[in-house]
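Working notes, beginning with the structure itself.
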Amino acid sequence: MIFSSIFFLYVFLPITLLLYFLMPKPGKNIVLLIVSLIFYAWGEPIYVFLMLFSIIFNYLTGMEIEAYREEGEERRVRFCFWLAVGVNLGLLGFFKYYGFFLENLNAILPFDIPYKELPLPVGISFYTFQTLSYVIDVYWGKVKVQKNVLSFGLYVTMFPQLIAGPIVQYSDIERQLKKRKTTLTKFGEGTTWFLRGLGKKVLLANNIGMAFDAINAIPKGELSVLAAWVGCLAYTMQIYYDFGGYSDMAIGLGKMFGFEFVKNFEYPYISKSITEFWRRWHISLSSWFRDYVYIPLGGNRVSTPKCIRNIFIVWILTGFWHGAAWNFMIWGLYYGILLCLEKYVFKSFLERMPEFLKHVYTMFFVMIGWGFFFSTSMGDAFGYLGAMFGMNGMPLVDSNARYYLMSNLWILVICVICATPAAYRWFRSFAFSRGKYRVGISVLLYGGILLLSTAYLVNATYNPFLYFRF
Amino acid sequence: MENRRRTQYREKNIRYAERKEKRRRRIRKKMKKQYILSALLLLLTLSVVVIANGIKQDSEFSPTENRMLTQKPEMDWTTIQDGSFMTDYESYVSDQFIGRDWWISLKLSVDRLLGKKESNGVYLGKQQYLMEVLSTPDEVNLERNLNAVLEFQKKHSDLNFFFTLIPNAAYILTDFMPDNAPVRDQEEDIQRVKEKLGSAVTFLDVTETMRAYRREGIYYKTDHHWTSRGAYEAFQAMASGLLIENPATEYDIYPVTDQFSGTLASKSGYRKAKDTIEIYIPLGVTNEYVVYYPDEQKKTASLYDSESLNQKDQYEVFLGGNHAMVDITTTCEDNRCLLLFKDSYANAFIQFLTPYFREIIMIDPRYYYEDIENIISSRNVTDILFLYNANTFFEDNSLADVLISELDETVEETESSEQQTQETDAETETQTEQETVQTETTE
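Those protein sequences? They're chains A and B, same order as listed.
For the first sequence, numbering that gives the first Met the number 0 begins at 0 and goes up steadily by one.
For the second sequence, numbering that gives the first Met the number 0 begins at 0 and goes up steadily by one.
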C-alpha cells in the first residue's frame, strides 16, 4: 500500500485514526503494530512472514547480547553480534542481489547456473537497515536492549516509515516508543507535513514524471540536446518530489501518532557543492552509512589513502543499496570520485568560485548523476548522456524539445521554485504575519492540495511510486 | 552624558527584545491556530468522504468512461494469498468513489490550466479537435501483410487490385495540432507501402486530397474516424482510379445527429465538443440495394442503422458497426463485383460505392476466419480493394492470415530454400489454425 492512493487516504487512514485515538493509552502501541502489519501484508501477503522472522530474530539477538554481556562472555557477545549482522545482510543480499549476482556469475562462467529471480520484498532495504542499527547500537552499548517485543516490532514495522523511510535509528526513537505526546496541535502539524508531501508526490512528481517518461521513450539517436536536458530536468524534479514528498508524508503521519522522525531532505537542490548535496539529500541514509560504516572504518581521522578508501567503500555501498544493477554501482562510484575530488583536489578552488557558479556546478553534476540513475543499462546511460551533449548528431533544439518544454513549462517553473526554501518561507510569512484571514487562507490552501490530490488520485491511470524498486 | 546614552541604548535594546518576543509569541499563536484548523480540516474531510462513500450505492457501469466498474471483491484465502483481493479492493474503492466523474473532470481542467496538450494518448488540439497519437508501424506484421497482398494478387492477376491508406487526423490536421507536437511522418510510411506494392496493385493515394480539404471538417473532432465529408472527398479523388465513370457529384446530405461524442472524447476525458454525423445520398443515379449480414442472417434495405443513434458509439450508424462480412447486392447494371478488405473507415465510405457495383462484399479481416477463395470463385469477383486508415493498418496483424489461408504452396515456392525448416513450422501452424477454425465453424 502506498500513501498516495485513494484506498490509503479514505479507507486505511480513517480506520487507523479511529482505532488509535479510541484506544486507551496502554493499547495504542498494539493498535499501531497491528495496523502496520496489515499495511505491510496488504502489499506483501507472503513476505510479511519474512519481516516477522526478522523482528523476532533481532529481538532475541538483542536479548542474548545483553545476557552474555552481563555474564561477561565477550566472545559470545561478539559471536551473536556477527551472526545477526550476517543474517540481516544475508537476507537482504539473498532477496535483493541474488538474481543480479548469478546473472553476472553466469556471464563469466563457461556454464550456466539456472536461477529464478525472486520478487523483491517491499521495504526490505529500509527495515533491514533499521534492525541493523538496533543490533549495532546494542552491541556498542549505545542503547539499552528492548525487552518488550511489541515495542521492538513497532519500531521495525511502524507503517509511516516502513516502506520508504526515513531510516529511523533506534536510538532516535527509543524513548518515544514508551512515552510520547499526541495533541491536536501536533496532529495538525503532522497534517500540514502530510498534505505538503501529498501535493509534492501527486501533483508535482507524478505530473513531471509523465514528461520524463515521454522523453525517455524517444530513441536516444533522435533526442535533441534541449529535449535531453528537459527530460533530465524533469527526472531531477520527479525523483526529488517523489521521494521527498513521500518522506514528508511519513514524517507527517509520524507526528499525527506522536512520533518525531528525522528530516530526510533539506532543499538538496540549493546546495553549493556535492558534499553539501549529500548532507541535504536522503539524510537518513547518508547518516546511516556515516554512523555504521564510515566512522567505524576510521572516518577521516586516518591517513589520506585510508580515508579515500573509506569514502569509496561507503559510496559503492550507497550505489548498490539503491538497486542490484551496474548503473547504480557506477552512480555510487561517480559520487565517490566527485566527493574525493572536492575534498582533496578542488577544495580551495571551489571555495573561491562565485556563488552562482557553485550552484551551477553542483546541479550540473547532480543531473548527470541522475542520467546514470534512471537508465536501465550502461549503454542506455551513455546514449542519453551523449544526447545531452549533442554527441548523436542531433540539433540543439527540435520540435520535440519545444513541445515538451512548452507543455510542461508551468509545472517545471513550480517545481523549480518549490525546490528552494523561498516558496515555503513566503507562505509562512504570508500566513503568520498580521492580518485577520491569513491563517484561514493558508489552511484553505492545504485543503486545496487535498482536493486536487484526490482528483488526481481518482483519475490515477498513472501513479507509479519510484522508490518501490529499492 | 555618557551614562545617559548608555541607559538609552539599553532601554532601546530591551524594547527591541520585547518586540521580538511579542512577535515570536504572535507567530507561535498563529502557527498553533493553523495546525489546529488543518487538523480539523483533514478530520472533517475524511469523515464526510467516508460517510458519503458508505451511504452511496455501488454502481455497476460508468457511462462516461464506458466500462464496467469494479465491484466489491469476495474475500477468501487464495485471493488474499496472491494479493488479488487487495488490488481488486483498491480499484473497487477508487471506482466507486463518491463523485468520481466530477473528480476526473476537475483533474482534466487543472491539466488544461497547466498547459498539458495530451491526455491518455490523445492530443488536445485547437478548436476542440481531439486527435489520436499516430501509431508506429509494426514492421514484422506490416511486411507480412504486404507480402500476403502481393501473393494474393499474383494468384488472382486477372482481377483489378486497388489499395488505399487513409492518413489520420494528427498527420493531416496540422492547423489544429498543438504547437510543436511530435508527429510521425505518416506520408513517408504510406509511400513505403506504395513502393512495396509496386505496379501490380493500383495504389490510390489520397494524402494530397485530404490535406487540401483539411479545413473542411473531414475528421470528427471527438472521434478517430473520418466524417462522411472526408470519405466524399476521398471518393471523388479515387473514382477514376477505381475505374468508375461519371461518379455522382450531387448529393443530398442529411445530418442524423449533432450530439456525437466519439471514442477520443471518452479516451481523453474532454467532452466539450459535439460532432454532427451526416449521411450522403447520391442524386441522379440508381442506388437500390439489399444489405445482408451473414452473421446475424439479417437483411435490410439500408446502409444506415438508425438504432445506433440511441447508443454511445453513434458512428455505428454506418452498417451498425464492424462485421466479419457484409454482402451488399445492388440493382447496378455494371457487372462489377467488389471484394473489399477494410477497417471501420470503410463503413462511412461504402455509401459512395453502391451505385457502381453489382455486388460489394466487405470483409473485416479482424473478425473473419473463413476461406476467402470460396468467395472469389463462387461470386465472380472482378475487383479487390483494400481500404484502411493508416493507424489501424500499421498495427494490423490479421490481414495476412485471411489472404494466405489457402496459399501455403505458393508461399513455399517463393521463399528461399534456406528457410525451409522455419516454413514447415509455419505451415503446420497455419494448418492447425485452419483446423481450429474448421472446428469452430462446425460448432
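Ideal placement from N, C-alpha and C gives every residue a C-beta, glycine not left out.
For A/Phe258, go through chain B and note every residue whose CB falls closer than 9 Å to its CB, in chain order. Locating residue 258 of chain A in the first sequence gives position 259, where the first residue counts as 1. Scanning chain B for C-beta atoms nearer than 9 Å to the C-beta of A/Phe258 yields nothing, as the closest lies near 16 Å away.
Return no unless some Cβ of chain B is closer than 8 Å to the Cβ of A/Ile162. Counted from its first residue, the first sequence places residue 162 of chain A at position 163. The C-beta of A/Ile162 comes no closer than 8 Å to any C-beta of chain B.
So that I know if they touch, is there some Cβ in chain B lying closer than 8 Å to that of A/Arg179? Residue numbering aside, residue 179 of chain A sits at position 180 when the first sequence is read from its first letter. Interface annotation, A/Arg179: not in contact with chain B, CB-CB separation never under 8 Å.
Rounded to the nearest angstrom, what separates A/Asn391 and A/Lys219 at their Cα positions? Along the first sequence, one-based indexing puts residue 391 of chain A at 392. Along the first sequence, one-based indexing puts residue 219 of chain A at 220. Spanning the two alpha carbons is a distance of roughly 8 Å.
Option nearest A/Ile162 by Cα separation, candidates A/Trp320, A/Phe2 and A/Lys305: What you label residue 162 of chain A is simply residue 163 of the first sequence in a count that begins at 1. When only C-alpha atoms are compared, the closest one is A/Phe2.
Under 8 Å Cβ-Cβ, which residues of chain B neighbour A/Gly446? Taking the first residue of the first sequence as position 1, residue 446 of chain A is located at position 447. Within chain B, the residues near A/Gly446 are Leu40 and Thr44.
Taking 8 Å as the CB-CB limit, is A/Phe6 close to chain B? Counting from one through the first sequence, the residue named residue 6 of chain A turns up at place 7. So yes, A/Phe6 belongs to the interface.
Between which two residues does the beta strand (DSSP E) holding B/Thr256 run? Residue 256 of chain B sits at position 257 when you count from the first residue of the second sequence. Residues Tyr250 to Phe259.
Could you tell me the alpha carbon to alpha carbon distance between B/Leu460 and A/Trp228, rounded to whole angstroms? Outside the shown range of chain B (0 to 442) lies residue 460 of chain B, about which nothing can therefore be said.
Closer than 8 Å by beta-carbon distance: list the chain D residues that pair up with A/Arg401, in chain order. Of the protein chains in this structure, namely A and B, none is chain D.
Rounded separation between B/Tyr344 and B/Leu133 - CA only: Stepping through the second sequence from its first residue, residue 344 of chain B is reached at position 345. Stepping through the second sequence from its first residue, residue 133 of chain B is reached at position 134. Rounded to whole angstroms, the gap between the alpha carbons of B/Tyr344 and B/Leu133 is 16 Å.
Are the C-beta atoms of B/Arg183 and some chain A residue less than 8 Å apart? Here residue 183 of chain B is taken as the residue at index 184 of the second sequence, counted from 1. Not one chain A Cβ lies under 8 Å of B/Arg183.
Tell me B/Pro281's beta-bridge partners as DSSP assigns them. To locate residue 281 of chain B, count along the second sequence from 1; it is residue 282. The partner list for B/Pro281 (beta bridge, DSSP) reads B/Tyr250.
Taking A/Ile310 and A/Leu338 to be in contact with their CB atoms under 8 Å, please state how far apart those CB atoms are, rounded to whole angstroms. Here the question's residue 310 of chain A lines up with position 311 in the first sequence. Here the question's residue 338 of chain A lines up with position 339 in the first sequence. The beta carbons of A/Ile310 and A/Leu338 sit about 6 Å from each other, so the pair counts as a contact at 8 Å.
Comparing alpha-carbon positions, which option in A/Pro109, A/Pro25, A/Ala213 and A/Gly198 lies nearest A/Tyr402? Position 403 of the first sequence, counted from the start, is the residue given in the question as residue 402 of chain A. In terms of CA proximity to A/Tyr402, A/Ala213 leads the group A/Pro109, A/Pro25, A/Ala213 and A/Gly198.
The beta strand (DSSP E) that contains A/Leu119, what's its start and end? For this step, residue 119 of chain A is matched to residue 120 along the first sequence. DSSP places A/Leu119 outside any beta strand (DSSP E), giving it a letter other than H or E.
Given this structure, state the Cα-to-Cα distance separating A/Met377 from A/Trp325, to the nearest angstrom. The sequence position of residue 377 of chain A within the first sequence is 378, counting from 1. The sequence position of residue 325 of chain A within the first sequence is 326, counting from 1. A/Met377 and A/Trp325: Cα-Cα distance of roughly 7 Å.
Taking any Cβ of chain A, which residues in the region 69-98 of chain B have a Cβ under 8 Å from it, in chain order? So the close ones are Ile79, Gln80, Asp81, Gly82, Met85, Tyr88, Glu89, Val92, Ser93 and Phe96.
Mind the definition here: the region 128-147 of chain A touches the region 35-45 of chain A only if three or more C-beta pairs lie below 8 Å; say whether that holds. With the cut-off at 8 Å, the region 128-147 of chain A and the region 35-45 of chain A do not touch.
Is A/Ala216 close to chain B? Criterion is C-beta to C-beta, closer than 8 Å. Counted from its first residue, the first sequence places residue 216 of chain A at position 217. Interface residue (Cβ-Cβ distance to chain B less than 8 Å): A/Ala216 is not classified as such.
With C-beta atoms as the reference, is A/Leu32 less than 8 Å away from A/Leu176? Here residue 32 of chain A refers to the residue found at position 33 when the first sequence is read from its first residue. Here residue 176 of chain A refers to the residue found at position 177 when the first sequence is read from its first residue. No, these two residues do not count as a Cβ contact at 8 Å.
Between B/Leu263 and B/Leu164, is the Cβ-Cβ spacing less than 8 Å? By 1-based counting over the second sequence, the position of residue 263 of chain B is 264. By 1-based counting over the second sequence, the position of residue 164 of chain B is 165. In this structure, B/Leu164 does not lie closer than 8 Å to B/Leu263 by Cβ.
At the 8 Å Cβ level, is A/Thr190 part of the contact set with chain B, yes or no? In the first sequence, counting from the first residue as 1, residue 190 of chain A sits at position 191. With 8 Å as the cut-off, A/Thr190 counts as an interface residue toward chain B.
Hey, how far is the Cα of B/Leu203 from the Cα of B/Phe161? The residue given as residue 203 of chain B occupies position 204 in the second sequence. The residue given as residue 161 of chain B occupies position 162 in the second sequence. B/Leu203 and B/Phe161 have their C-alpha atoms roughly 7 Å apart.
Residues near A/Ala400 in its chain [Cβ-Cβ closer than 7 Å; skip 5 each side]: In the first sequence, residue 400 of chain A corresponds to position 401, counting from 1. Once the five neighbours on either side are set aside, the close Cβ partners of A/Ala400 are Ser223, Leu225, Ala226 and Val229.
Looking at the structure shown, is B/Cys336 part of a helix, part of a strand, or coil, going by DSSP? Counting from one through the second sequence, the residue named residue 336 of chain B turns up at place 337. DSSP, reduced to helix, strand and coil, places B/Cys336 within a strand of the structure shown.
Could you tell me whether any Cβ in chain A is nearer than 8 Å to the Cβ of B/Gly120? Position 121 of the second sequence, counting from 1, holds the residue named residue 120 of chain B. Cβ-Cβ to chain A under 8 Å: no for B/Gly120.
Best match in B/Lys31, B/Leu352, B/Lys29 and B/Ala272 for proximity to B/Thr329 [C-alpha to C-alpha]: Counting from one through the second sequence, the residue named residue 329 of chain B turns up at place 330. Ranking B/Lys31, B/Leu352, B/Lys29 and B/Ala272 by Cα distance to B/Thr329 puts B/Leu352 first.
Please confirm if A/Leu451 has its CB atom under 8 Å from at least one CB of chain B. Counted from its first residue, the first sequence places residue 451 of chain A at position 452. Chain B, which has a Cβ nearer than 8 Å to the Cβ of A/Leu451, makes this yes.
Please check if any C-beta of chain B sits within less than 8 Å of the C-beta of A/Val76. For this step, residue 76 of chain A is matched to residue 77 along the first sequence. Output row for A/Val76: interface = no.
Applying a beta-carbon distance threshold of less than 9 Å, which residues of chain B neighbour A/Ser35? Locating residue 35 of chain A in the first sequence gives position 36, where the first residue counts as 1. Per Cβ cutoff of 9 Å: no residues; A/Ser35 is ~16 Å from chain B at best.
So, helix, strand or coil for A/Trp277, using DSSP? Position 278 of the first sequence, counted from the first residue, corresponds to residue 277 of chain A. Helix at A/Trp277.
Hey, quick one: how far does the beta strand (DSSP E) through B/Leu346 stretch, first residue to last? Along the second sequence, read from residue 1 onward, the residue named residue 346 of chain B stands at position 347. The sequence shown places Asn at residue 346 of chain B, rather than the Leu named in the question. It is not in any beta strand (DSSP E) - B/Asn346 carries neither H nor E in the DSSP assignment.
Using a Cβ-Cβ cut-off of 8 Å, state whether A/Pro44 counts as contacting chain B. Here the question's residue 44 of chain A lines up with position 45 in the first sequence. True, the Cβ-Cβ gap to chain B drops below 8 Å.
Going by DSSP, name the residue or residues bridged to B/Asp326. Residue mapping note: residue 326 of chain B aligns to position 327 of the second sequence, counting from 1. Beta-bridge pairing links B/Asp326 to B/Tyr291 and B/Ile360.
Pair every Cβ in the region 287-301 of chain A with every Cβ in the region 254-273 of chain A, then say whether three or more of these pairs are closer than 8 Å. Judged by Cβ distances under 8 Å, the region 287-301 of chain A makes no contact with the region 254-273 of chain A, as fewer than three pairs qualify.
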